[in-house]
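Data block below; observations after.
Protein chains: 2
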Amino acid sequence: MDHSCASKAQIAYILRELHYQISPKFERCTGISQSRLELLQHLYDAEEISQTTLQKVVHIDNAAVTRHLKQLEASGMVNRRKNPQDNRVTLVSLTEQGRSKILSYRKERDQFVTNLLQGFTEKELPVLVDMLQRMQQNAEQIEG
Amino acid sequence: MDHSCASKAQIAYILRELHYQISPKFERCTGISQSRLELLQHLYDAEEISQTTLQKVVHIDNAAVTRHLKQLEASGMVNRRKNPQDNRVTLVSLTEQGRSKILSYRKERDQFVTNLLQGFTEKELPVLVDMLQRMQQNAEQIEG
DNA sequence: CCTCAATGTTTGATACGTCAAACAATATAA
DNA sequence: TTATATTGTTTGACGTATCAAACATTGAGG
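Sequences listed follow chains A and B, in order. Heads up: the first sequence begins at 1 in the UniProt record's numbering, then just goes up one per residue. Heads up: the second sequence begins at 1 in the UniProt record's numbering, then just goes up one per residue.
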C-alpha cells in the first residue's frame with residue numbers, strides 16, 4: 001500500500017505479458033511446448049517417477065499432467081505403467097526415442113533462452129533467478 | 001550454448017511456472033483476472049481509446065481483447081462505440097461503475113503484489129522491473 | 001473382515017490465450 | 001470510379017491451464 005505499489009503492480013503485469021509473449025514463440029522455435037519439455041526434462045533426470053511426484057516439481061495441475069503424458073505416450077516419447085506395489089500410482093519414464101529427441105529440443109531451447117537473455121551479464125543471471133525463485137516461494141504461501 | 005545455459009533454461013521454466021502459480025490466485029484474491037484488470041487500468045488512464053491501441057499496450061491477442069471487452073461491456077464496466085470518423089474502429093471507455101469499481105480492485109491487487117514481493121528491498125524492485133522489461137524487449141525481437 | 005478415510009489419477013466443465021480466416025470499412029491507384 | 005490493398009474487428013478451431021467431481025486402490029480402526 002505504500003508509494004512503490006505502482007512499480008510493484010507493474011511487475012505482476014509484466015510477468016503475465018512476458019509469459020504470453022514467450023509461450024507461443026518458444027513452441028514455434030523449439031517444436032515443443034514449454035510444459036512438455038519441462039516434463040520430459042525431469043523424466044530425463046529422474047529415470048522413472050510417479051505422475052504425482054512429477055506434477056509437484058513442474059507446478060502443473062494433475063489434470064494437465066495426465067493429459068500431457070497421455071499424448072507424449074501416444075507419440076512414443078514416454079512409457080507409462082502401473083506401479084506393481086501400488087496400483088494407484090502411474091510410473092512414467094522416457095523411451096529411447098524420447099531420450100534422444102530431447103537432446104535436439106534442448107539445443108533449440110538453449111538458443112531461444114539465449115536470445116531472450118541477450119544483453120544480460122553473467123552476474124545478472126543468478127540475481128534474476130534468485131528473485132524469481134523468491135517470488136515463487138512467496139506465491140506458494142498466498143491464500144493457503 | 002555456453003556453460004550458463006542450465007541457469008538460463010531455468011529462467012524460462014520459472015517464468016512459466018510463476019505465471020501459472022500467480023494467475024489463479026490473483027483472480028481469487030482480487031475478484032478479477034489479471035488481463036481484465038490490466039485492460040481496465042489502461043482505460044482508466046486513457047479515457048477513450050481504440051481496441052487496437054489498447055491491444056498493443058497489453059500484449060494480448062486481438063481476439064482475446066474483443067472477447068474481454070464484450071464481457072466487460074455486458075457487465076456494465078465499459079462502453080463501446082464506433083468511431084464516427086472511421087467506422088472500422090471501436091472506441092472503448094470506462095463507465096462510471098467501472099471507474100469506481102476499479103479502485104477496490106486495485107486495493108486488492110496491491111495487497112496481492114505486496115505479498116508476492118515480500119522480502120524484496122526497495123532497491124531490488126527497480127532492478128527486477130528493468131530485467132523483466134529487457135526480456136520483454138528481447139522477446140519482441142524473437143522470430144519477427 | 002469391513003467400513004471409511006486418504007491417496008493417485010482421470011474426466012468434465014470452464015476460462016483464456018493463439019492463429020487463421022472471414023468481414024467490414026477505408027485508402028489508394030489505375 | 002472501380003478494383004485492390006490495408007486496417008480494425010470478429011468468429012471459429014484448437015491447446016492448455018484451472019477446479020471440482022468421479023473413480024480406483026490402498027490403509028487403518030472398530
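All C-beta atoms in this analysis are idealised placements derived from N, C-alpha and C, irrespective of residue type, glycine included.
Endpoints, alpha helix (DSSP H) assigned at B:Lys70 = Where B:Lys70 is concerned, the enclosing alpha helix (DSSP H) starts and stops at 62-74.
When the Cα atoms are used, what is the spatial distance from A:Ser23 to A:Gln34?
-> 7 Å
A:Thr90 - DSSP class collapsed to helix/strand/coil | strand
9 Å Cβ cutoff met for A:Leu91 and A:Asn83 | yes
Host beta strand (DSSP E) of A:Ser50 (start-end) = 48-50
If B:Lys25 and A:Glu143 are in contact, beta carbons under 8 Å, what's the gap, nearest whole angstrom?
-> 5 Å
Verify the contact flag: B:Glu47, CB atom, against every heavy atom of the ligand ZN, threshold strictly below 8 Å.
-> By its list of ligands, the structure shown contains no ligand whatsoever, and the ligand ZN lies outside what it can speak to.
Start-to-end residues for the alpha helix (DSSP H) that takes in B:Lys101 = 96-116
Can you tell me the Cα-Cα spacing of B:Lys56 and B:Ile102, whole angstroms?
-> 21 Å
Would you mind telling me which residues of chain A sit closer than 8 Å to B:Gly119, beta carbon to beta carbon, in chain order?
-> The answer, in chain order, is Arg134, Asn138.
Between the CA atoms of B:Gly76 and B:Glu17 - distance to the nearest angstrom | 33 Å
Outcome for B:Met1 when other beta-carbon atoms lying within 10 angstroms are tallied against a minimum of 16 = In this predicted model, B:Met1 has a pLDDT of only 48, less than 50, meaning its place in the structure is not dependable enough to derive any value.
Residue nearest to B:Gln86 in terms of C-alpha spacing, selected from B:Glu108, B:Ser50, B:Gln41 = A quick correction: the sequence has Asp, not Gln, at residue 86 of chain B. Ranking the options by Cα distance to B:Asp86, first place goes to B:Ser50.
Own chain, CB closer than 7 Å to B:Glu47, minus 5 neighbours either side, in chain order = Cβ within range, chain order: Ser93.
Straight-line Cα distance separating A:Ser7 from B:Leu15 | 19 Å
Distance between beta carbons of A:Asn138 and B:Gln118, contact taken as under 8 Å = Rounded to the nearest angstrom, the Cβ distance from B:Gln118 to A:Asn138 is 5 Å, consistent with a contact under 8 Å.
Between the CA atoms of A:Gln10 and B:Glu38 - distance to the nearest angstrom | 10 Å
Do we get a CB-CB distance below 9 Å when we pair B:His68 with the residues of chain A?
-> no
Going along chain A, which residues have a C-beta under 8 Å from B:Gln21?
-> His59, Gln136, Ala139, Glu140
Using a cut-off of 7 Å between C-beta atoms, extract the partners of A:Glu143 located in chain B.
-> Within 7 Å of the CB of A:Glu143, the CB atoms of chain B belong to Lys25, Arg28, Cys29, in sequence order along the chain.
So which residues on chain A does B:Ser4 lean against when the C-beta distance must stay under 7 Å?
-> What B:Ser4 touches in chain A, judged by beta-carbon distance under 7 Å, is Glu122, Leu125, going in chain order.
Report the partner residues of B:Arg81 according to the DSSP bridge assignment.
-> B:Leu91
Pull up the distance between the alpha-carbon of A:Gln21 and that of B:His42, whole angstroms please.
-> 19 Å
For B:Ala6, the three-state DSSP class (helix, strand or coil) | helix
What distance in whole Å lies between the Cβ atoms of A:Leu116 and B:Ala12, which are believed to be in contact at a cut-off of 8 Å?
-> 7 Å
For A:Thr53, count neighbouring Cβ atoms within 10 angstroms of its own Cβ and tell me buried if that reaches 16, exposed if not.
-> Exposed, by the Cβ-count rule.
Are there 16 or more other CB atoms within 10 angstroms of the CB of B:Arg109, so buried, or fewer, so exposed?
-> buried
Just the Cα atoms here: how many angstroms apart are B:Lys123 and B:Ser100?
-> In this structure, the CA atom of B:Lys123 is about 33 Å from the CA atom of B:Ser100.
Relative to the C-alpha of B:Val89, which residue among B:Tyr44, B:Met131, B:Asn62, B:Val113 is closest?
-> Of the residues B:Tyr44, B:Met131, B:Asn62, B:Val113, the one whose Cα lies closest to the Cα of B:Val89 is B:Asn62.
If you run the structure through DSSP and keep just helix, strand and coil, what is B:Thr53?
-> Helix, per DSSP.
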